[in-house]
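Working notes, structure below.
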Amino acid sequence: MGRPTKKDLSKSNFLKLLEKINAHSREEPLERYSREWFFQRYVRRLIKITNHLDKPNQLESTVKGMTRFFLDLEKPTPVLSEQFDAIRAGYSVLKRAYQAPDLNAK
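Residues 914 to 1019 (the numbering used here) are what the sequence shown spells out, left to right.
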């Protein structure tokens, strides 16, 4: 069994980030149809897709939808802003890892 690749590590880290954000919403149930509730729907969708991820392009439309949703908010809460920024940063790392050539491949 070899070392995990950068792709595996970045996917794992992105999934951990999403799970952490999702767990936070489970601790405090969200009001239905609130901003946070809709945001969590995007997070759950990203978790579902990331679990079966082959290429980061599979996440592209959901991340774009989440970005449009976030930008349409007039005054997002600081927590929502922080979570959104973390997801965008994690997605960028994941995308770069999949674009970089795999140096461990034989």
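Ideal placement from N, C-alpha and C gives every residue a C-beta, glycine not left out.
- Per the C-alpha coordinates, the member of Arg-948, Ser-947, Ser-974 positioned closest to Leu-959 is Ser-974.
- Burial state of Ser-925 is exposed, judged by a 10 Å Cβ sphere holding fewer than 16 other Cβ atoms.
- Taken in chain order, the whole alpha helix (DSSP H) runs of length 4 or more contained in the region 941 to 974 are 948 to 964.
- Asp-921 and Glu-949 have their C-alpha atoms some 29 Å from each other.
- Lys-929 and Ala-1010 do not touch by the CB rule: their CB atoms are close to 15 Å apart, not below 8 Å.
- C-alpha of Leu-984 to C-alpha of Pro-917: approximately 36 Å in a straight line.
- Boundaries for Arg-916: no alpha helix (DSSP H) harbours it, and the DSSP string shows neither H nor E there.
- With respect to the 8 Å criterion, Thr-963 and Leu-931 are classified as neighbours on the basis of their beta carbons.
- As the crow flies, the alpha-carbon of Asn-935 is around 27 Å from that of Gln-1012.
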